[in-house]
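Colleague: So the sequences go chain by chain: R and Y.
Using the working numbering, you'd call the opening residue of the first sequence number 2 and step up by one each time.
Using the working numbering, you'd call the opening residue of the second sequence number 2 and step up by one each time.
Note that beta-carbon positions come from the ideal geometry of N, C-alpha and C, so glycine has one too.
Since the structure is predicted, the reported quantities are computational estimates derived from the model, not experimental observations.
There are 2 protein chains.
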Amino acid sequence: MLVYDTAVERNPKVLKTCRQYLHWTQRSVFQGELSTAQYRALLHTLETVIDADYDSIVTYTARSPIMMETNTLGVALGGPGDIL
Amino acid sequence: MLVYDTAVERNPKVLKTCRQYLHWTQRSVFQGELSTAQYRALLHTLETVIDADYDSIVTYTARSPIMMETNTLGVALGGPGDIL
Chain R
2 MLVYDTAVER NPKVLKTCRQ YLHWTQRSVF QGELSTAQYR ALLHTLETVI DADYDSIVTY
62 TARSPIMMET NTLGVALGGP GDIL
Chain Y
2 MLVYDTAVER NPKVLKTCRQ YLHWTQRSVF QGELSTAQYR ALLHTLETVI DADYDSIVTY
62 TARSPIMMET NTLGVALGGP GDIL
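Right, here's the structure in full:
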């Protein structure tokens, strides 16, 4: 689970990076299953893309998908095949 | 962890409901620790507030905070004391 809050001018790069590793869930939210190496690569790339004094990216990681329960109210938005 | 994507005109009610149970993390993201009863009450109230044909709310729940690892890149936004 990754949520971003970045300046509009940096959004395309953040989105492009996130889409390489995760699928889009909702507005500013991505999710997916990553290996430790993939997770590190994603964070490393994002660090080079964002302005750390202004932007914010928060990730939530569970060791196993079983440990994280997801619940949707209303419309289920992004799936793996959706385009942002 | 709760993320919402609701129509602008319903945002104030959604925010008010979420703030009664969780603290704001970032743009459209809230988080917090809830009992099962609190969690049910929150979802029940949100169901009465949103338009299920248009809005979307997704929650991510771990059985214990220990099972969920959080990582922040850049600015750490909302804390328990922040006002949205």
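#1: Can you name the residues of chain R whose CB is closer than 9 Å to the CB of Leu-47 (chain Y)?
#2: Quick one: does Ser-36 (chain Y) have its CB under 9 Å from some CB of chain R?
#3: Could you check how far apart the C-beta atoms of His-24 (chain R) and Gln-32 (chain R) are, in whole angstroms? I think they sit under 8 Å.
#4: Measure the beta-carbon distance from Gln-4 (chain R) to Val-30 (chain R) and round it to whole angstroms, keeping in mind my assumption that it falls under 8 Å.
#5: Determine the closest residue to Tyr-40 (chain Y) out of R:Thr-71, R:Gln-21, R:Thr-7, with distance taken between C-alpha atoms.
#6: Check the Cβ of Leu-44 (chain Y) against every Cβ in chain R and list those closer than 8 Å, keeping chain order.
#7: Using three-state DSSP, classify Trp-68 (chain Y) as helix, strand or coil.
#8: Among all the DSSP beta bridges, which residues are the ones paired with Leu-3 (chain R)?
#9: Got a sec, what are the start and stop residues for the alpha helix (DSSP H) Glu-48 (chain Y) sits in?
#10: For the candidate residues Y:Ala-38, Y:Gly-75, Y:Pro-66, whose alpha-carbon lies nearest to that of Tyr-55 (chain R)?
#11: To the nearest angstrom, how far is the alpha carbon of Ala-77 (chain Y) from that of Ser-57 (chain R)?
#12: Which of helix, strand or coil does DSSP assign to Leu-16 (chain R)?
#13: Taking all protein chains shown into account, decide if Asp-52 (chain R) is buried (16 or more other Cβ within 10 angstroms of its Cβ) or exposed.
Modeller: Considering the structure as presented:
#1: By Cβ distance, chain R contributes Leu-74, Gly-75.
#2: No - not a single Cβ of chain R is within 9 Å of the one on Ser-36 (chain Y).
#3: That belief holds up - the Cβ atoms of His-24 (chain R) and Gln-32 (chain R) are roughly 7 Å apart, short of 8 Å.
#4: First, the amino acid is wrong: residue 4 (chain R) is Val here, not Gln. With a contact defined as Cβ atoms closer than 8 Å, Val-4 (chain R) and Val-30 (chain R) qualify at about 5 Å.
#5: Selected option, being the one with the closest Cα: R:Thr-71.
#6: Under a criterion of Cβ atoms nearer than 8 Å, the residues of chain R adjacent to Leu-44 (chain Y) are, in order, Asn-72, Leu-74.
#7: First, the amino acid is wrong: residue 68 (chain Y) is Met here, not Trp. Under the three-state reduction of DSSP output, Met-68 (chain Y) falls in the helix class.
#8: Its beta-bridge partners are R:Phe-31, R:Thr-60.
#9: For Glu-48 (chain Y), the uninterrupted alpha helix (DSSP H) segment begins and ends at 37 to 50.
#10: Nearest of Y:Ala-38, Y:Gly-75, Y:Pro-66 to Tyr-55 (chain R), Cα basis: Y:Gly-75.
#11: A direct Cα-to-Cα measurement between Ala-77 (chain Y) and Ser-57 (chain R) gives close to 6 Å.
#12: Leu-16 (chain R) falls in the helix class under three-state DSSP.
#13: Per the 10 Å Cβ criterion, exposed.
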